[in-house]
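For the protein sequence lines, the chains are A, B and C, in the order given. Residue 311, in the numbering used here, is where the first sequence stops; the numbers in between run on with no holes. Residue 637, in the numbering used here, is where the second sequence stops; the numbers in between run on with no holes. Residue 973, in the numbering used here, is where the third sequence stops; the numbers in between run on with no holes. Beta carbons: idealized from backbone N, C-alpha and C, even for Gly. Working notes, structure below.
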Amino acid sequence: MSQVQVSTDKTVLREYYLLRLRLAGINFLQFINKLRRHPAGMTGLIVLLFFVFIAVADPLIVPHNPKEVHLEDKLLPPAWMEGGKSEYLLGTDQLGMDLFSRIIAGTRISLLIGVLTVGISIMIGTTLGMLSGYYRGTLDNILARFADLLLSFPWLIFAIFTMAVIGPGFGNLVFALTFKGWVGFFRLVRGEVLSEKTKEYVEAARALGQSHFKIMFQEILPNIMNSIIVLGTLRIGFMIIMEASLSFLGLGIQYPEPAWGSMVNVGRNYLLNAWWISTFSGLAILLLVLAINMFGEGLRDILDPRLRRIE
Amino acid sequence: MLLEVNNLQTYFQTSRGSIKAVDGVSIKLEQGEILGLVGESGCGKSMTLLSLLRLVPHPGAIVGGEILFQGGDLLKKSSREMTRMRGRDLAMIFQDPMTTLNPVFKVGEQIRESLRIHNIFNQSRFSERKRLKQEKERVIQLMEETGIPSPMDRYYEYPHQFSGGMQQRAVIAIALSCEPKILLADEPTTALDVTIQAQILNLMERINRSHGMAVILVTHDLGVAAEFCRRIAVMYAGKIIEQGLTDEIIENPLHPYTQGLLRSIPHIVPDKPRLRPIRGTVPDLLNLPPGCTFLPRCDYAVEVCKEPQEMRDLGNGRLVRCARYK
Amino acid sequence: MQAAKIAERILIAIPVVIGIGIIIFLIMRLTPGDPVDIMMGQAGHVSAREIELLTEQWHLNEPLHIQLGYFLRDLARGDLGTSFTKGRPVWDLIKGALPATLELALGAAIFALLLAIPIGVISAVKQNSFIDRASMTVAFFGICMPVFYLGIILMLVFSVKMGVLPTYGRISYEVMLHKVTGFYMLDSIITGNWAALGSTLKHLILPSITLGFPMAAIVARVMRSSMLEVLRNDYVVMARAKGLREFSVIVKHAMRNAMIPTVTVIGLEIGMLLGGNMIVETVFSWPGLGRLVVNSIFVRDYPLVQGVVMVYAFTFVAANLVVDILYTYINPKISI
Numbered sequence: 001m002s003q004v005q006v007s008t009d010k011t012v013l014r015e016y017y018l019l020r021l022r023l024a025g026i027n028f029l030q031f032i033n034k035l036r037r038h039p040a041g042m043t044g045l046i047v048l049l050f051f052v053f054i055a056v057a058d059p060l061i062v063p064h065n066p067k068e069v070h071l072e073d074k075l076l077p078p079a080w081m082e083g084g085k086s087e088y089l090l091g092t093d094q095l096g097m098d099l100f101s102r103i104i105a106g107t108r109i110s111l112l113i114g115v116l117t118v119g120i121s122i123m124i125g126t127t128l129g130m131l132s133g134y135y136r137g138t139l140d141n142i143l144a145r146f147a148d149l150l151l152s153f154p155w156l157i158f159a160i161f162t163m164a165v166i167g168p169g170f171g172n173l174v175f176a177l178t179f180k181g182w183v184g185f186f187r188l189v190r191g192e193v194l195s196e197k198t199k200e201y202v203e204a205a206r207a208l209g210q211s212h213f214k215i216m217f218q219e220i221l222p223n224i225m226n227s228i229i230v231l232g233t234l235r236i237g238f239m240i241i242m243e244a245s246l247s248f249l250g251l252g253i254q255y256p257e258p259a260w261g262s263m264v265n266v267g268r269n270y271l272l273n274a275w276w277i278s279t280f281s282g283l284a285i286l287l288l289v290l291a292i293n294m295f296g297e298g299l300r301d302i303l304d305p306r307l308r309r310i311e
Numbered sequence: 312m313l314l315e316v317n318n319l320q321t322y323f324q325t326s327r328g329s330i331k332a333v334d335g336v337s338i339k340l341e342q343g344e345i346l347g348l349v350g351e352s353g354c355g356k357s358m359t360l361l362s363l364l365r366l367v368p369h370p371g372a373i374v375g376g377e378i379l380f381q382g383g384d385l386l387k388k389s390s391r392e393m394t395r396m397r398g399r400d401l402a403m404i405f406q407d408p409m410t411t412l413n414p415v416f417k418v419g420e421q422i423r424e425s426l427r428i429h430n431i432f433n434q435s436r437f438s439e440r441k442r443l444k445q446e447k448e449r450v451i452q453l454m455e456e457t458g459i460p461s462p463m464d465r466y467y468e469y470p471h472q473f474s475g476g477m478q479q480r481a482v483i484a485i486a487l488s489c490e491p492k493i494l495l496a497d498e499p500t501t502a503l504d505v506t507i508q509a510q511i512l513n514l515m516e517r518i519n520r521s522h523g524m525a526v527i528l529v530t531h532d533l534g535v536a537a538e539f540c541r542r543i544a545v546m547y548a549g550k551i552i553e554q555g556l557t558d559e560i561i562e563n564p565l566h567p568y569t570q571g572l573l574r575s576i577p578h579i580v581p582d583k584p585r586l587r588p589i590r591g592t593v594p595d596l597l598n599l600p601p602g603c604t605f606l607p608r609c610d611y612a613v614e615v616c617k618e619p620q621e622m623r624d625l626g627n628g629r630l631v632r633c634a635r636y637k
Numbered sequence: 638m639q640a641a642k643i644a645e646r647i648l649i650a651i652p653v654v655i656g657i658g659i660i661i662f663l664i665m666r667l668t669p670g671d672p673v674d675i676m677m678g679q680a681g682h683v684s685a686r687e688i689e690l691l692t693e694q695w696h697l698n699e700p701l702h703i704q705l706g707y708f709l710r711d712l713a714r715g716d717l718g719t720s721f722t723k724g725r726p727v728w729d730l731i732k733g734a735l736p737a738t739l740e741l742a743l744g745a746a747i748f749a750l751l752l753a754i755p756i757g758v759i760s761a762v763k764q765n766s767f768i769d770r771a772s773m774t775v776a777f778f779g780i781c782m783p784v785f786y787l788g789i790i791l792m793l794v795f796s797v798k799m800g801v802l803p804t805y806g807r808i809s810y811e812v813m814l815h816k817v818t819g820f821y822m823l824d825s826i827i828t829g830n831w832a833a834l835g836s837t838l839k840h841l842i843l844p845s846i847t848l849g850f851p852m853a854a855i856v857a858r859v860m861r862s863s864m865l866e867v868l869r870n871d872y873v874v875m876a877r878a879k880g881l882r883e884f885s886v887i888v889k890h891a892m893r894n895a896m897i898p899t900v901t902v903i904g905l906e907i908g909m910l911l912g913g914n915m916i917v918e919t920v921f922s923w924p925g926l927g928r929l930v931v932n933s934i935f936v937r938d939y940p941l942v943q944g945v946v947m948v949y950a951f952t953f954v955a956a957n958l959v960v961d962i963l964y965t966y967i968n969p970k971i972s973i
């Protein structure tokens with residue numbers, strides 16, 4: 001090993017990273033190709049992209065302001081039913097707010113919560129998991145214990161409790177969900193790092209005198225990125241359900257903000273004469289989560305076959 | 312004749328075509344005889360054994376031939392009859408003892424299960440307790456016979472508490488429990504250490520002698536077969552290509568493949584010729600050459616080999632599937 | 638030997654219980670906008686008497702570590718404090734609501750396991766058949782379906798449209814039931830009150846299905862995949878070669894092994910069952926712990942919230958303890 005010439009030549013490094021970039025490009029193309037042969041994953045992706053489009057284009061495509069009250073038009077049925085008005089495609093709620101517009105506006109909230117909570121969870125979980133698995137020692141001990149403790153709280157109970165204490169609202173919701181959300185990524189990354197650490201490429205990097213930081217984030221991280229992406233995608237769906245559940249209980253985002261969960265809750269009081277409020281709001285949640293999970297399981301089959309259950 | 316297999320065909324239907332894992336195999340087995348079925352991995356020898364028990368895994372199926380045993384064709388039996396014969400008339404032992412015993416049951420209970428399934432101790436005068444006692448005694452006796460030390464204690468242990476050799480002994484005890492006529496052994500020593508291999512082979516030989524149980528030993532190791540079997544059948548790409556008494560096959564191999572196999576066995580004797588591996592690899596079973604399947608690897612190939620070769624009977628039980636013999 | 642093992646597991650659970658208590662304590666006292674802040678700041682809807690009560694109960698005028706000391710002492714005594722709104726010890730309220738919650742959770746678990754395990758097994762044995770594909774599709778929906786939405790849809794279909802099942806409560810008003818244990822099923826059987834049993838069962842169906850469905854979905858998927866893995870093993874072929882009937886091969890030899898990973902997942906899913914319980918009780922107005930806590934959140938009855946959450950968390954730990962112990966029985970590689 002001592003005979004290995006350590007080249008610090010910048011051009012060599014540049015070549016190396018260019019090569020990496022090209023490999024990443026090839027991997028991406030391969031991935032797209034594989035996804036095309038995975039019908040469920042592909043369907044999920046298309047539906048998901050559709051939702052993302054709605055979320056982005058939201059202010060341009062909503063027929064009404066989602067919080068605009070039309071008391072004269074309250075509890076109108078969907079447009080195709082008797083008594084429905086064509087301007088309210090899916091009907092209105094008890095304050096005459098347009099359900100269709102509210103569902104469209106709610107897409108943004110759901111996706112934003114999902115992406116934000118998972119994104120922050122990944123950042124915290126990956127960093128801590130990496131440090132914990134790489135250095136072991138006291139830090140690892142404390143973090144792992146803490147993670148175990150958080151795991152012994154059932155998800156919803158922890159979220160409901162935290163929201164009950166800190167009160168409803170978007171920011172609080174993100175806080176409550178990431179408080180426990182990072183643990184999943186922490187455990188994943190920590191476990192992966194523990195096993196990757198013993199592999200030859202890490203040994204080689206160490207022998208070449210790479211810094212710990214570079215070994216962690218430039219050598220190990222790219223190798224475990226796939227698992228993180230897969231877990232992350234599936235987690236987004238889960239977080240969306242969490243948010244909807246909290247909003248349903250009145251602890252997340254509150255009426256009249258157009259969060260799907262709280263819309264289902266509002267509609268609950270009108271099941272007898274206005275079934276559409278709960279039904280369509282809930283259907284939106286179900287569809288989005290279905291799309292995310294279909295895409296996520298497709299990703300898992302392609303990127304991380306180890307996680308794959310034999311089909 | 313105890314067992315007579317005629318033109319057995321077991322095919323696997325896959326999306327890319329049908330794989331002829333067993334393609335017209337015919338073998339005969341006499342009372343108390345040991346037959347070796349030798350070939351490289353993937354040549355169909357294990358599938359032949361599983362076909363005899365009618366346990367070919369999905370998507371495989373026996374599509375033709377007959378298996379005559381005790382005057383009847385096994386392939387014509389109802390699945391209920393067949394279930395009753397398994398373990399009682401034909402028993403099987405497997406390659407990897409580590410995965411053959413069920414990890415969640417006590418070893419003794421797994422042996423006893425065979426006795427229970429086939430109602431070995433089910434005379435009506437026995438009460439359940441008496442029956443259990445008899446079965447347990449028999450299990451202890453079987454464990455003793457197969458050389459498992461302190462069977463009284465070992466009865467209550469789980470497979471993972473056994474070593475590989477001990478596990479294989481337990482598997483043999485299961486196979487032996489109902490005194491079957493035929494023991495089908497699928498590479499029983501391959502997963503074991505060399506010293507243990509010899510012990511297990513010895514054990515099987517002893518059982519063969521004392522119980523008069525016929526054995527079909529499937530192995531990729533011609534050396535093991537030569538040591539242990541009276542007759543050998545060499546299999547290649549789903550077909551038997553040579554058959555005969557062990558001594559004759561070893562002394563005078565006829566088929567080029569058998570010759571190649573013999574030359575590939577390492578010898579410790581110093582003045583033996585250098586190892587000569589057979590060139591090429593086992594052919595893709597989906598794209599077999601139309602004629603002799605060994606053709607692409609054969610040193611003696613001639614024009615006529617491009618046509619399918621029949622088995623040639625050279626008398627005295629010597630059979631070979633090669634154009635060089637008339 | 639087995640007893641020692643069990644004792645060891647219980648000992649391991651003790652620090653977990655303490656840790657959970659501390660986390661609950663810290664969230665209650667330290668997070669921005671914690672109850673103390675809210676009460677001290679916006680005392681509009683909280684009376685001075687209540688602030689006084691809380692200050693006294695939680696020793697709010699002492700430093701934090703002293704507060705924690707009191708907190709743990711009370712916890713060890715099983716004293717969960719006194720509810721503001723009901724003026725009764727929290728533990729009494731919990732005891733009153735617990736049977737309803739347990740009855741629902743048991744109903745859901747029984748529904749889920751009775752459905753999911755056979756489906757997982759059949760799907761694996763008949764892999765890629767219609768029944769496999771259909772049940773795995775349903776299971777996938779079950780994973781993506783929010784519990785509250787499922788409850789509302791079921792309610793809409795079976796209660797509002799078809800009118801065959803009740804929408805709320807545990808028993809009809811017309812039916813009188815002498816309460817002995819608080820478990821209505823048990824009570825109706827003890828007192829021989831068949832009308833009450835029928836009514837209880839009817840009330841239990843929708844909430845149990847709602848709560849049990851996500852668990853059923855996951856357990857069915859896990860059971861299927863572990864069955865598929867097990868079925869590839871030699872010992873399954875061996876069991877057939879011994880002369881076992883296919884049914885026994887599957888149920889005795891394969892299933893016993895496939896249950897090992899499944900039991901782990903069931904243990905984790907108990908958490909979903911407990912959390913979902915709060916939602917289902919809200920949807921179906923089920924008078925259990927979940928509704929108790931959700932209602933007490935809105936009236937800021939913090940001792941009650943804290944107490945119920947603690948009971949939920951401890952139940953989860955206890956349930957996992959049971960699963961752990963069960964695990965040592967079904968997996969011989971772990972026991973002894």
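- Under the DSSP assignment, B:Ala402 falls in the beta strand (DSSP E) whose first and last residues are 401 to 404.
- For B:Asp384, the pairing in a beta bridge is given by DSSP as B:Leu379.
- For A:Ile253 against A:Pro154, the beta-carbon gap comes to about 22 angstroms, at or over 8 angstroms, which does not count as contact.
- For A:Glu219, DSSP records no beta bridge to any residue.
- With respect to chain C, the C-beta atom of B:Thr359 has no partner C-beta closer than 8 angstroms.
- Take C:Thr719, set aside five residues on each side of it, and the residues of its chain with a beta-carbon closer than 8 angstroms to its own are Leu690, Gln694, Arg725, Pro726, Val727, Pro940, in chain order.
- Within its own chain, the residues whose Cβ lies closer than 7 angstroms to the Cβ of B:Thr604, once the five positions on either side in sequence are excluded, are Tyr547, Ala548, Lys550, Pro594, listed in chain order.
- The segment 714 to 795 of chain C contains, as complete alpha helix (DSSP H) runs of 4+ residues, the segments 727 to 762, 767 to 781, 784 to 791 (chain order).
- Chain order gives the chain C residues near B:Ile428 as Lys879, Gly880, Leu881, Arg882, Ser885, where near means a beta carbon separation below 9 angstroms.
- As a beta-bridge residue in DSSP terms, B:Val631 pairs with B:Glu553, B:Arg623.
- Going by beta carbons, C:Asn914 and C:Leu741 fall inside the 8 angstroms limit.
- Closest in alpha carbon position to A:Pro222, among A:Val165, A:Leu303, A:Val69, A:Gly237, is A:Leu303.
- Around A:Gly181, the same chain offers Thr117, Ser121 as residues with beta carbons nearer than 6 angstroms, after the five sequence neighbours per side are excluded.
- Counted as a single uninterrupted DSSP element, the beta strand (DSSP E) harbouring B:Ala525 occupies residues 525 to 530.
- Across the structure, C:Thr722 and C:Gly733 are spaced so that their CA atoms are roughly 16 angstroms apart.
- Restricting attention to A:Phe186, A:Asn226, A:Gly114, the CA atom closest to the CA of A:Asp301 is found in A:Asn226.
- When DSSP assignments are scanned along the segment 481 to 526 of chain B, the uninterrupted stretches of beta strand (DSSP E) that are 3 or more residues long and fall wholly within it turn out to be 493 to 497.
- Taking all protein chains in view, the Cβ of C:Ala644 is surrounded by fewer than 16 other Cβ atoms within 10 Å, so the residue is classified as exposed.
- The Cβ neighbour count for B:Gln342, taken over all protein chains shown within 10 Å, is under 16; the residue is labelled exposed.
- Under the Cβ distance rule, C:Asp961 does not count among the residues neighbouring chain B, no pair being separated by less than 8 angstroms.
- When the five nearest sequence neighbours on each side are left out, the beta carbons in the same chain lying within less than 7 angstroms of the beta carbon of B:Ala486 are those of Ala402, Met403, Ile404, Leu494, in order along the chain.
- Contact between the segment 791 to 808 of chain C and the segment 932 to 939 of chain C is absent: fewer than 3 CB-CB pairs across the two stretches fall below 8 angstroms.
- The distance from the Cβ of C:Val959 to that of C:Glu906 is about 13 angstroms, inconsistent with a contact at the 8 angstroms cut-off.
- Chain A places no beta carbon closer than 8 angstroms to that of C:Pro755, leaving this residue out of the contacts.
- Distance check between C:Leu881 and each of B:Gly375, B:Met396, B:Thr530, B:Val374 places B:Met396 closest, using alpha-carbon atoms only.
- In chain order, Gly591, Pro594, Pro600 place their CB closer than 7 angstroms to the CB of B:Pro607, counting only its own chain and leaving out the 5 sequence neighbours on each side.
- Counting other Cβ atoms within 10 Å of its Cβ, C:Gln943 reaches 16 or more and is therefore classed as buried.
- A Cβ-Cβ separation of about 7 angstroms places A:Phe248 in contact with C:Ile916 under the 8 angstroms criterion.
- Excluding the 5 residues flanking it on each side, B:Val333 has same chain C-beta neighbours closer than 7 angstroms at Leu319, Gln320, Thr321, Gly355, Met358, Thr359, Ser362, Gly549, in chain order.
- Residue pairing by DSSP places B:Ser329 opposite B:Gln324 in a beta bridge.
- Spanning the alpha carbons of C:His840 and C:Ile808 requires a straight line of approximately 6 angstroms.
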